[in-house]
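Going letter by letter, the sequence shown gives residues 220 to 376 in this note's numbering.
Contents: one structure, followed by commentary.
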Amino acid sequence: MSDLTHTARRTVLTIGAAALTGGAITACGGGSAEKASPGEPNDAAVQPVAPAPATPDAGAGDKTLTKKADVPVGGGKVFKEEKVVVTQPKAGTFKCFTAVCPHQGCLVNKVANGTIDCPCHDSKFAIADGAVTKGPATKGLAEKKITVAADGNISLA
C-alpha cells in the first residue's frame, strides 16, 4: 500500500471519529441554557415511569374505588386508572397498594391465588402486605391509604 493511500485512509478515519464524537457530545448536551419552570424537569429522562394519579382537592378524599362486596376474600381488584390494587386478605380486612411494579414500572394486572401478579416478568406480591413472593422484583408494593365507609364504599384516603 502506498504512503498516499495510507495517509488518506488515516485522514478519513480521523474525520469520521471526530464527527461521531461531536454528534455524541451534541446529543448529550441540554441544547438550551434556559431553566425549566419550577416543577418542570429539564430532561425527559427524569420523568417518572408511571406518574401518580391526580389527587383530589385537599380534604376531598372521597374518590370511591369500589364496594367491599366487590373485593373477594383472599383476592383483590386492580384499578388501572388510579394505579392501585385493593385486596381483602381475610374477611373484613382491606388493603391497598400501588399497582406499579417496582421492578420496571409495569402495572400489575390481576390478583389470583393470594398474590398480586405483574405480567411483564411474572413478579408476584402478597395480598396481605405487598411483599415480594416471587421475583425478579426485589422490593414490595408500596401501601396506599384507603378508607372503608359504613356504607361499604372503599375510597383512597
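Idealized CB from N, CA, C, for every residue including glycine.
Extent of the continuous beta strand (DSSP E) to which residue i belongs
i, result
"Val-304", "303-309"
"Asp-216", "The first residue shown for the chain is 220 and the last is 376, placing residue 216 beyond what the model contains."
"Cys-315", "312-317"
Three-state secondary structure assigned by DSSP to residue i
i, result
"Asp-289", "helix"
"Asn-261", "In this predicted model, Asn-261 has a pLDDT of only 35, less than 50, meaning its place in the structure is not dependable; the value taken from the coordinates is given anyway. Of the three classes helix, strand and coil, the one that applies to Asn-261 here is coil, per DSSP."
"Cys-325", "coil"
"Asp-348", "coil"
"Gly-359", "coil"
"Ala-331", "strand"
"Gly-295", "strand"
"Cys-339", "coil"
"Lys-353", "strand"
Contact under 8 Å by Cβ, residue i with residue j
i, j, result
"Gly-349", "Ala-368", "no"
"Thr-357", "Lys-343", "no"
"Ile-365", "Phe-298", "no"
"Cys-315", "Val-305", "yes"
With 16 other Cβ atoms within 10 Å as the buried cut-off, status of residue i
i, result
"Gly-371", "exposed"
"Gly-354", "exposed"
"Gly-311", "exposed"
"Lys-286", "exposed"
"Thr-317", "buried"
Below-8 Å beta-carbon distance, residue i vs any chain B residue
i, result
"Cys-325", "Among the protein chains of the structure shown there is no chain B, as only one such chain exists."
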